[in-house]
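Asks: Before I ask anything, here is the structure I am working with.
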């Protein structure tokens, strides 16, 4: 009864888990029996400084750290610890001794290396990826980068080189090192939309609305952010253009009552959202110019947080309180074929995996007065409705959002009075905190 | 408020009747006085009048009272007053003044009704409450059970009181805010808060309040009334809150 793996290595761990493990068992300790494929053992050498420019050491340090972190974050490598690397720092193909890298303690199957120099205000990087066991023809990848010499561009080069390696060794799936995460932060004093690199670097404020703003969702082409903000007449869907650096119109987004929780269709031409314009919060779909707004749900009680199937663009998952506590449902975009996915508790904030097979959402399976249940992130296989709990015994977790490679999930975790943004692999491992200080919430991972 | 006054008044009247019925010798007690007489001290007596008894809004009236055998005299809404006195009043609306005189021999009460005919052209600052305070005192918030937007039975009586105040003050517009406790998702709570505020609006509309006087905003868990993680606090935050729409 194996679920077909298709092209997504992404979900490989998950699928293995769904197949072998007693998914709903109480014990969540990982035994290792589900790790079907051996990860590629990859070494990332420190790059060799190629010039005496005073900027070189600082930028080289940024580059080395970023590349190593990107390859580790990818989740598909068994990354060789830097302390196991050979003493010699190879800067070019003729300088590398592959036997040193393939031997213990490094035992690397692949090694990334190269050199970095700064000349005339430009940072120039040459990078290679070599197969240590193919001594006759070891080169897998050779790349050259030339950008303005500053930390941001140096990080960008490292991200690009990492993504090349991940694409080449990771089954042809694009890496995520160049992706962004949009989120809400109250660091400026009120809740506004912020952005950061996928690894938490480069955090900066996007909107300055001066009103409570929540639920940022980036368009598939990375040009616009839809969000909900509180005005005199209630909540309205608003649109920010990253190209123009200002708000742009979304007619019909503020019709009175609550208009909120926008979601982009993968074609970028339509937005699903929750609106109470009919007297009850229901799911609506409109074109991005505001036209053709039509209602797709017809049930008393809250209907909110729609998310499109990014693979097909014809289905939606959403949250409905029609039976009491909120549950996750899926339907076709015309409102037909409604199917309830969760069997109880308090389930909210769905995000649909890029391969169309999985949902991730926030679930409190023991919700109620006096019940000490935790709100945790879960992944569910849509076809079988079998699920896997990803977070355990750590705060209250909500708003999971898939990365475009399907291998990662970003989410918000509230511990005490602090809400911060975390990311993890989509099997729940490698959890890491991306924001520190202030309230940071509702992350949304860019589509590419 | 008025209801309580009239209850007190009728109790007082009843006491008079009882006293009159039992003790025929005291039949000469004035009708505006009560005399639950004690053996040793004479019961206090009270007389109160307002002149004129009908004014236009913004005009003045004179309230005068006289007591005997009383040591402690107060008028509701004004506070402690001398045992005998005169006071100028300018109420914005019809008011029943209620005086209570206490003495060693017992308690006596009296009321005087001042009718105000028209609403003032300009808001007249009242001696007692601002319009906002009066609104707050009369239009009270309602509370909800967790994760529901059904109007509870205790909220129904609150709502009918709220509706009657709004019905008698047709110029006041209302904002209903929908609030939720800190648990659960922000987006779901915004929708739930909207349902709560809409449920309160629906109840007011069915009680005869025009829908266009009511504006509804869901605050979800964005603007909590308190921030502790306790059931008491959560209950405080699961509400439909009423405020004047400025």
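Residue numbers (my numbering), protein chains in the order written: chain A, 1274 to 1721; chain B, 8 to 253.
Idealized CB from N, CA, C, for every residue including glycine.
Taking a cut of 8 Å between CB atoms, which residues from the segment 1487-1499 of chain A lie near chain B?
Replies: The residues in question are 1487 and 1488.
Asks: Looking at chain A, is there any beta carbon in it that lies within less than 8 Å of the beta carbon of residue 211 (chain B)?
Replies: Reading the second chain from its first residue, position 204 is the one you call residue 211 (chain B). No, its Cβ sits nowhere closer than 8 Å to a Cβ of chain A.
Asks: Look up residue 1721 (chain A) in the DSSP assignment and say whether it is helix, strand or coil.
Replies: Within the first chain, numbered from 1, the residue matching residue 1721 (chain A) stands at position 448. In this structure, residue 1721 (chain A) counts as coil in the three-state DSSP scheme.
Asks: If you draw a straight line from the alpha carbon of residue 197 (chain B) to that of residue 162 (chain B), how long is it in whole angstroms?
Replies: As a first step, residue 197 (chain B) must be located in the second chain, where it is residue number 190. As a first step, residue 162 (chain B) must be located in the second chain, where it is residue number 155. Roughly 21 Å between the two C-alpha positions.
Asks: Can you name the residues of chain B whose CB is closer than 9 Å to the CB of residue 1335 (chain A)?
Replies: Your numbering for residue 1335 (chain A) matches position 62 in the first chain. In chain order: nothing, as chain B lies at least about 36 Å away.
Asks: Mind checking residue 1537 (chain A): buried by the 16 CB within 10 Å criterion, or exposed?
Replies: Position 264 of the first chain, counting from 1, holds the residue named residue 1537 (chain A). Counting Cβ neighbours within 10 Å, residue 1537 (chain A) comes out buried, since at least 16 surround it.
Asks: Using the beta-carbon of each residue, which ones in chain A are nearer than 7 Å to residue 191 (chain B)?
Replies: Walking along the second chain from the start, residue 191 (chain B) turns up at place 184. Simply 1619 and 1621.
Asks: With distances taken from CA atoms, which of A:1659, A:1509, A:1665 and A:1357 is nearest residue 1647 (chain A)?
Replies: The residue given as residue 1647 (chain A) occupies position 374 in the first chain. Residue A:1665 is the option with its Cα nearest to residue 1647 (chain A).
Asks: Under 8 Å: do the segment 1318-1329 of chain A and the segment 1352-1364 of chain A share three or more Cβ pairs, one atom per stretch?
Replies: Yes, since at least three Cβ pairs between the segment 1318-1329 of chain A and the segment 1352-1364 of chain A fall closer than 8 Å, the two stretches touch.
Asks: Should residue 188 (chain B) be flagged as near chain A, meaning a C-beta pair shorter than 8 Å?
Replies: Residue numbering aside, residue 188 (chain B) sits at position 181 when the second chain is read from its first letter. No - not a single Cβ of chain A is within 8 Å of the one on residue 188 (chain B).
Asks: Starting from residue 1589 (chain A), find everything on chain B with Cβ-Cβ shorter than 9 Å and list it in chain order.
Replies: Working through the first chain from its first residue, we reach residue 1589 (chain A) at position 316. Neighbours of residue 1589 (chain A) on chain B: none; closest Cβ ~14 Å, over 9 Å.
Asks: Buried or exposed: residue 98 (chain B), going by 16 or more other Cβ atoms within 10 Å of its Cβ?
Replies: To locate residue 98 (chain B), count along the second chain from 1; it is residue 91. Per the 10 Å Cβ criterion, buried.
Asks: Excluding five sequence neighbours on each side, which residues of the same chain lie with their C-beta closer than 6 Å to the C-beta of residue 33 (chain B)?
Replies: As a working note, residue 33 (chain B) is residue 26 in the second chain. Low per-residue confidence applies at residue 33 (chain B): pLDDT is 44, beneath 50, and the placement is therefore not dependable, though the value from the model is reported in the following sentence. If we look at residue 33 (chain B) and ignore the five residues flanking it on each side, it has no Cβ neighbours.
Asks: Taking a cut of 9 Å between CB atoms, which residues from the segment 1549-1578 of chain A lie near chain B?
Replies: Answer set for the segment 1549-1578 of chain A: 1549, 1552, 1553, 1554, 1573, 1574, 1575, 1576, 1577 and 1578.
Asks: For residue 1635 (chain A), return the contacting residues in chain B, with the cut-off set at a CB-CB distance below 8 Å.
Replies: Taking the first residue of the first chain as 1, we reach residue 1635 (chain A) at position 362. Those are 192, listed as they occur along chain B.
Asks: Taking the alpha carbon of residue 1568 (chain A) as the point to measure from, which residue in A:1516, A:1587, A:1548 and A:1500 has its own alpha carbon closest?
Replies: Start at 1 with the first residue of the first chain, and residue 1568 (chain A) comes out as number 295. Residue 1568 (chain A) has its Cα closest to that of A:1548, out of A:1516, A:1587, A:1548 and A:1500.
Asks: Nearest chain B C-beta to residue 1711 (chain A) closer than 8 Å, yes or no?
Replies: The residue given as residue 1711 (chain A) occupies position 438 in the first chain. No, its Cβ sits nowhere closer than 8 Å to a Cβ of chain B.
Asks: To the nearest whole angstrom, what separates the beta carbons of residue 1455 (chain A) and residue 1717 (chain A), a pair I think is in contact under 8 Å?
Replies: For the purposes of this step, residue 1455 (chain A) is identified with residue 182 of the first chain, where counting begins at 1. For the purposes of this step, residue 1717 (chain A) is identified with residue 444 of the first chain, where counting begins at 1. Rounded, the Cβ-Cβ distance is 5 Å, consistent with contact.
Asks: Please state the DSSP three-state secondary structure of residue 1434 (chain A).
Replies: On the first chain, position 161 is the one that residue 1434 (chain A) refers to. DSSP places residue 1434 (chain A) in helix when its eight states are reduced to three.
Asks: So within the segment 114-187 of chain B, which uninterrupted alpha helix (DSSP H) runs reach at least 4 residues, ignoring any that extend past its ends?
Replies: Within the segment 114-187 of chain B, the complete alpha helix (DSSP H) runs of at least 4 residues are 138-145 and 160-175.
Asks: Apart from the five residues just before and just after residue 1515 (chain A), which ones in its own chain have a Cβ nearer than 6 Å to its Cβ?
Replies: To locate residue 1515 (chain A), count along the first chain from 1; it is residue 242. Excluding sequence neighbours, residue 1515 (chain A) sits near 1496.
Asks: DSSP three-state call for residue 1500 (chain A): helix, strand or coil?
Replies: Looking up residue 1500 (chain A) in the first chain gives position 227. DSSP places residue 1500 (chain A) in strand when its eight states are reduced to three.
Asks: Answer with yes or no whether the minimum CB distance from residue 205 (chain B) to chain A is below 8 Å.
Replies: As a working note, residue 205 (chain B) is residue 198 in the second chain. Yes, residue 205 (chain B) lies at the interface with chain A (some Cβ there is under 8 Å from its Cβ).
Asks: Relative to the alpha-carbon of residue 1625 (chain A), which residue among A:1649, A:1674 and A:1637 has its alpha-carbon at the smallest distance?
Replies: What you label residue 1625 (chain A) is simply residue 352 of the first chain in a count that begins at 1. Checked all of A:1649, A:1674 and A:1637; the closest Cα to residue 1625 (chain A) is A:1674.
Asks: Do residue 1671 (chain A) and residue 1592 (chain A) have their C-beta atoms within less than 8 Å of each other?
Replies: Working through the first chain from its first residue, we reach residue 1671 (chain A) at position 398. Working through the first chain from its first residue, we reach residue 1592 (chain A) at position 319. In this structure, residue 1592 (chain A) does not lie closer than 8 Å to residue 1671 (chain A) by Cβ.
Asks: Is it right to say residue 1503 (chain A) is buried, meaning 16 or more other beta carbons lie within 10 angstroms of its own, or is it exposed?
Replies: For the purposes of this step, residue 1503 (chain A) is taken as residue 230 along the first chain, with counting starting at 1. So residue 1503 (chain A) counts as buried.
Asks: In terms of residues, what are the limits of the alpha helix (DSSP H) holding residue 1345 (chain A)?
Replies: As a position in the first chain, residue 1345 (chain A) is number 72, starting the count at 1. That run of the alpha helix (DSSP H) goes 1329-1346.
Asks: Determine which residues share a DSSP beta bridge with residue 1693 (chain A) and list them.
Replies: Along the first chain, read from residue 1 onward, the residue named residue 1693 (chain A) stands at position 420. DSSP, once it has assigned bridges, lists A:1686 as partnering residue 1693 (chain A).
Asks: Report back the beta-carbon spacing between residue 149 (chain B) and residue 246 (chain B) to the nearest angstrom; my notes put them in contact at under 8 Å.
Replies: One-based indexing of the second chain puts residue 149 (chain B) at position 142. One-based indexing of the second chain puts residue 246 (chain B) at position 239. Residue 149 (chain B) to residue 246 (chain B), Cβ: 6 Å. Contact.
Asks: Among A:1550, A:1327 and A:1617, which has the Cα closest to the Cα of residue 1571 (chain A)?
Replies: Your numbering for residue 1571 (chain A) matches position 298 in the first chain. For residue 1571 (chain A), the nearest C-alpha among the options comes from A:1550.
Asks: Return no unless some Cβ of chain A is closer than 8 Å to the Cβ of residue 216 (chain B).
Replies: Along the second chain, read from residue 1 onward, the residue named residue 216 (chain B) stands at position 209. For residue 216 (chain B), the answer is no, since every Cβ of chain A falls outside 8 Å of its Cβ.
Asks: Are the beta-carbon atoms belonging to residue 1603 (chain A) and residue 193 (chain B) less than 8 Å from one another?
Replies: The residue given as residue 1603 (chain A) occupies position 330 in the first chain. The residue given as residue 193 (chain B) occupies position 186 in the second chain. The answer is no: Cβ separation not under 8 Å.
Asks: Might you give, ordered along the chain, the residues of its own chain that have their beta carbon closer than 6 Å to the beta carbon of residue 1688 (chain A), omitting 5 neighbours on each side?
Replies: Working through the first chain from its first residue, we reach residue 1688 (chain A) at position 415. Hits under 6 Å: 1668.
Asks: Expressed to the nearest angstrom, what Euclidean distance is found between the alpha-carbon atoms of residue 232 (chain B) and residue 1686 (chain A)?
Replies: Taking the second chain and counting its residues from 1, the one referred to as residue 232 (chain B) is at position 225. Taking the first chain and counting its residues from 1, the one referred to as residue 1686 (chain A) is at position 413. Their Cα atoms are separated by approximately 23 Å.
Asks: Only counting the same chain, and skipping five residues up and downstream in sequence, which positions put a Cβ closer than 6 Å to that of residue 1484 (chain A)?
Replies: One-based indexing of the first chain puts residue 1484 (chain A) at position 211. Within the same chain, residue 1484 (chain A) has close Cβ partners 1502 and 1503.
Asks: My output table needs one value for residue 1312 (chain A): the three-state DSSP class, helix, strand or coil.
Replies: By one-based count along the first chain, residue 1312 (chain A) stands at place 39. Here residue 1312 (chain A) sits in coil by DSSP.
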